[in-house]
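Beneath this line is the structure, given in structure tokens, with notes to follow.
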Amino acid sequence: MARNKEALVLLLDVGRFMHNNLPEIEKVCSMLVQKKLIYSKNDEVGVVLFGTEDTDNELTNEVGGYEHVVVLRHIKVVDGDVVEALQKLPRGTVAGDLYVESPTSLLGALRTRNISPVTVYRGHLEISSQLKIKVWVYKKTSEEKFPTLKKYSDKAPPTDKFATHEIKVDYEYKSIEDSGKIVPPEQRIKGYRYGPQVVPISSAEWDAVKFKPEKSVKLLGFTDVSNIMRHYYMKDVSIFIAEPGNPKAILAVSALVRAMKEMNKVAILRCVWRQGQGNVVIGVLTPNVSEKDSVPDSFYFNVLPFAEDVREFQFPSFSNFSSWQPNEQQQEAADNLVKMFDLAPAGKEEVLPPEFTPNPVLERFYRHLELKSKNPDAPVPPLDETLKRITIPDPEVLSQCKFVIDEFRRCFELKENPKLKKSRKRAYEIEAFNSIENPSAVKVEKIGDLTPVQDFEAMMSRRDNSEWVNKAIKEMKNKTFDLVENSFVGDTYQKALECLVSLRKGCILEQEPKQFNDFLRHLCKFCQEKDLNTFCELLASKGVTLISKNEAIDSDVTDDEAKSFLVKIEPKHEQREQ
Amino acid sequence: MELDPDDVFRDEDDDPDNDFYQEREASKDLVVYLVDASPKMFQLTSLQENQEEETHFHVAVSCIAQALKTQIINRSYDEVAICFFNTREKKNLQDLNGVYVFNVAEREDLDRPTARLIKEFDCIEESFTKEIGSQCGILSGSRDNSLYNALWVAQALLRKGSAKTADKRILMFTNEDDPFGSMKGITKIDMTRTTLQRAKDAQDLGISIELLPLSRPDEEFNVSLFYSDLLGLEGDDLTQFLPSVGERFEDMKDQLRKRMFRKRKVRRITFSISNGITIELNSYALIRPTVPGAITWLDSVTNVPLTTERSFLCADTGALLQEPAKRFHAYKNENIKFSVEELSEIKRVSTGQLCLLGFKPLTCLKDYHNLRPSTFVFPSDEEVIGSTCIFIALHRSMLRLKRFAVAFYGSSTRPQLVALVAQDEIITASGQVEPPGMHMIYLPYSDDIRQIEELHSDVNSMIPRATDDQINKATALMKRIDLKDFSVCQFANPALQRHYAVLQALALDEDEMPEIKDETAPDEEGLARPGVVNALEEFKNTIFGENYDDGNEFETNGKVSEASKKRKAIAENAAKECASYDWSDLADNGKLKDLTVVELKYYLSAHNLPLAGKKEALINRILVHMGK
């Protein structure tokens, strides 16, 4: 079958003002050629640079002029050399004047894989049996899957130059009773499940009784757009276009599209795309009014669910959660976050529009493929900065609304449910996430004098070795103890208290109540013996006490014991005063 | 042409291995439907004046019948038992009075529903009086307590399976809110106490008891008389408890139906709103395409299922291999090898959380920004206290400001950008129609979007546009063909209904194949109404003029499409080539197999037969066509 071949010339400005953008352009253009190497090996590519210091092109030679233009590569079938050449473009010295959008969009804007579109359906859109409009239906969206790689066999001798290295998969059907017996195809019959039963039926029998609708696309009626909620769209999307070159059909579609748009209506259709299809599709047609004179009006079509496809689970009303209603201040913080953490600011380019956002997994695969073609042992490359803008928030957007985010964080309180041990797993997740977000965070190895609480928290959250938790707790105990012991008229009590509170929190989170409780008992005993009772009073006034069973399940301290712990200390202290 | 029904139902894009569509059921549901059959359940009730009259018994059994069919279609492994109490006859292992466990042959009392069970239960109302009979089992002066007995029987039925792997439930249908109302004094206290104790014992064993109360308009079911104690309802729970009484019987059925299925969450998701704020969500698959079950191959002699064994063979040497650990992809005339680990590493571009990237106005979410069914998310405070509060605040802001959130969902199979669209709760007479929460809509990447509009643009000539008059005629037509009460998913899937109706008939060895009504057919009658016909006619005239010829043959600028030209050429060529073989002779001497597939296709093309399939299939098709 003859394939459509594409010839492409990349015209690149490498002038003075482009230097900052060239690394991105190198990446994008080499990606373009790489994809061609995978999907359209016969396409031809040429590269022309302008804004260069040199001049090297045939036109200059033949007719003169055309200065500062270099033909880097004449047009020919794609190969690895173009990729190489594009990865190290020369930097020019002369000014060019091309505007470049954000790198992520640039990458997404490259429609590198030219899929020749195939119609899903060509035929009538039947408004009624008397009125039919000729339409073509295409896929508007269709998931570009991760390439299916072949299984590799290394059994062929290395000397075999023509080895395919492919693997054939064989299926054998065997009887359950006698596993040695292979059942030949003519002795097999299809069975369908009906509850616990399997009902045998031959293909011929099945053909005779199954549902066989006629190929057709029929209108059921129009309805208000509000009757169709967005989340009922079931699949990838099709587009209905009037038959090309058929002015009446184009007019009919245009009239319906514009009337629907004006009236806020959608159309419900019943579709059977091809003869022999064993089911019908119910879907919604929405108007797509064209803004360009050269483009006809069209419809988008989304599949809707049948009754059997919907599970009507019941959920509590939000008004029933009386204790979780946000207060006025919290609601305002949420409003501001939703308003200001904005990816589509007025008058500016929308951030991450699906039309210009590439699939980061595919991009990464293509890059790895290219790396491996040079070095078979090349490791998986890290996700590049341009692609990271898709998976985590853009630091620039974040910094623009830092104050609303900080305010939001201040207004709401989140805490781990102390009754659950699983919290440890969650802490890991959060940490893993934070480490991806701030890969440069310094790894804290000991608790210093300056910021003991922060050091402790940093150490507790280190996951590279489980020993860090124990080490952090141990160091924090020593630090707290030192602060109390070396205090001069209580000058470091406040700091010691902060450390103790932080230690307590950490021990609850890590489910290490005993470590804290033993330490607190020891510390209080020490205070009483050394006449440092004011520290115990401070603890009592701040309600810092033993970790109870309620907070950490492993604790052997009951709620009451925890409550009375500091009270018990105080009478002793009073006795001493007397 | 042989069509595999599975392939026909699925689009070519659907990947059956995709775990997105195959929710694993971590545990199964064991349910005992406990239906009150006292005479009170058989009293005719009309909800509104001059409305249909039905009995509560009918409402209950038709809900159960529907649930059984749904279970078959969803291929669930849940097991059910159906048990009536306040019956004349008794049938239960404990031989207790007033309790009748309904069952059919070849089925345990608590088991998955079978074709026979569904069929016989469908006619339960006809046979009930004769076979089972209604009789109140709690009467003053007698020590009998049919409610106590019923709970005991239900609990015994649920003894099967461990509480860890199964959710055990008793769903009780009754319209009697005060079962011991006719009793007095010490007997009443005694009976109430023992019954409550019975229920508590069951609950202590991990069995949940749920009540589906049926009320009359003039006599609302009062939960606090007796059942709040039995169910252990207190405070908030009690106020949330809605006895089902609607305007219509259909509403009542809707409410009951919705409460009969247990919510199953798909997974727990951590939603990172910003560094340091991470809340907890549960996700639910509220909408997923239901397709007929996969084929199981059977031995046609014994009808016993066959096991499938897969083996890997080296294409070069024929050696038998283990599941290979390496994959390869051709690139620059070379085979580039990847290990399975490398491939999964490539796909791991985030931590697996749902990560907020920002907000956009709802107008940025286009109709074509869709790939798969959406997933519903609802907050949970189970692990992170405060999640619900944050979620409610964001939900309100997003609704009010008409904005959606863009987030990255890093699942291991397909990390994807998603839109989180807030949905307000919608309640009607038949209960909650839309739950409050957010719908996660999977957005396409630029790789997934095709620029079809551009393909059909024509810069050289003006594309026709409808005039205001034409648009007005279209508007008038739309007003005529208006589906006012259209609700999504009001249609049953005719292919699926037919599939299971045929299987049910085959499973029961019936000869008659059932007819299934196709609800999706257009309303021909409505379209034939004069007003509609007029509007259609006017629209037709304004666009097509007077000589509309059924829309069939338009001159497409005199051009015949390339494809049809090609098809014609192929057919002509095939006819020519076909004539140079003596097909009858080849067939008789078994020589067809010596021809190439291309040659075989000459015959098929020349005779307008399908060209698909393997060589043997082609030969068979030729032989069949020749009548050999």
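If you read the sequences in order, they're chains E and H.
Position one of the first sequence corresponds to residue 1 (full-length UniProt numbering), numbered consecutively onward.
Position one of the second sequence corresponds to residue 1 (full-length UniProt numbering), numbered consecutively onward.
Quick reminder that beta carbons are idealized off the backbone N, C-alpha and C, glycines included.
Note that the structure is a prediction, hence the values are computed from the model and not measured.
Bridge partners of E:CYS271 according to DSSP: E:VAL217, E:VAL281. E:LYS134 and E:TYR121 have their C-alpha atoms roughly 10 Å apart. Proximity of H:LYS119 to chain E, defined by a Cβ-Cβ separation below 9 Å, is not satisfied. For E:GLN400, the three-state secondary structure derived from DSSP is helix. Around E:ALA540, no beta-carbon contact reaches into chain H at under 8 Å, the shortest distance being about 26 Å. At a cut-off of 9 Å between C-beta atoms, E:GLU262 counts as an interface residue with respect to chain H. Taking the Cα positions, E:LYS174 is about 13 Å away from E:ILE189. The alpha carbon of H:ASN282 has as its nearest neighbour, out of H:SER274, H:SER215, H:SER387, H:GLU334, the alpha carbon of H:SER387. Within the same chain, Cβ atoms closer than 8 Å to the Cβ of H:THR278 are found at THR270, PHE271, SER272, GLN353, VAL384, the five residues on either side in sequence being excluded. Below the 8 Å Cβ cutoff, chain E contributes no neighbours of H:ILE269, its closest Cβ being approximately 11 Å away. Burial state of H:GLN94 is exposed, judged by a 10 Å Cβ sphere holding fewer than 16 other Cβ atoms.
Here E:VAL70 is bridged, per DSSP, to E:LEU49, E:ASP56.
Excluding five sequence positions before and after H:LYS263, the CB atoms of its chain that fall closer than 8 Å to its own CB belong to TYR284, given in chain order.
About 4 Å separates the beta carbons of H:ASP36 and H:THR174, which is inside the 8 Å limit, making them a contact pair.
If you check the CB distance, H:PHE408 and H:CYS355 come in under 9 Å. With a cutoff of 9 Å on beta-carbon distance, H:HIS456 and E:PRO244 are scored as near each other.
The beta carbons of H:ILE287 and E:HIS19 sit no closer together than 9 Å. Ranking H:ALA507, H:GLU515, H:ALA505 by CA distance to the CA of H:PRO494 puts H:GLU515 first. If you check the CB distance, H:MET478 and E:LEU256 come in under 9 Å. According to the DSSP secondary-structure assignment, H:GLU210 is paired through a beta bridge with H:LEU171. Assigned with DSSP and collapsed to three states, H:LEU34 falls in strand. One Cα belongs to H:GLY358, the other to E:MET229, and the distance between them is close to 22 Å. Boundaries of the alpha helix (DSSP H) harbouring E:CYS536: 533-542, taken from the DSSP string. Sequence-distant partners of E:PRO376 (beyond 5 residues in either direction) whose C-beta falls short of 8 Å from its own C-beta are missing from its chain. At a cut-off of 9 Å between C-beta atoms, H:ASN493 counts as an interface residue with respect to chain E.
Taken in chain order, the complete beta strand (DSSP E) segments of 3 residues or longer contained in the region 372-420 of chain H are 375-379, 403-409. Straight-line measurement puts the Cα of H:ASN149 at about 6 Å from the Cα of H:LEU96.
In this chain, E:ALA7 is not harboured by any alpha helix (DSSP H); it is covered by the beta strand (DSSP E) spanning 7-13. Within the same chain, PHE180 come within 6 Å of H:LYS188 by CB-CB distance, once the 5 residues on both sides are set aside.
Chain E places a beta carbon closer than 9 Å to that of H:ASP448, counting this residue as a contact.
Three or more beta-carbon pairs separated by less than 8 Å are not found between the region 54-69 of chain H and the region 99-108 of chain H, which leaves the two stretches without contact. Within a 10 Å sphere around the beta-carbon of E:ASN279 sit 16 or more other beta-carbons, which makes this residue buried. Against chain H, a Cβ distance below 7 Å from E:GLN87 picks out nothing, because the smallest value is about 14 Å. Counting the other CB atoms within 10 Å of its CB gives H:ASP594 a total below 16, which places it among the exposed residues.
Boundaries of the alpha helix (DSSP H) around H:GLY531: 530-544. Here H:CYS123 is exposed: its Cβ has fewer than 16 other Cβ atoms, across all protein chains shown, within 10 Å.
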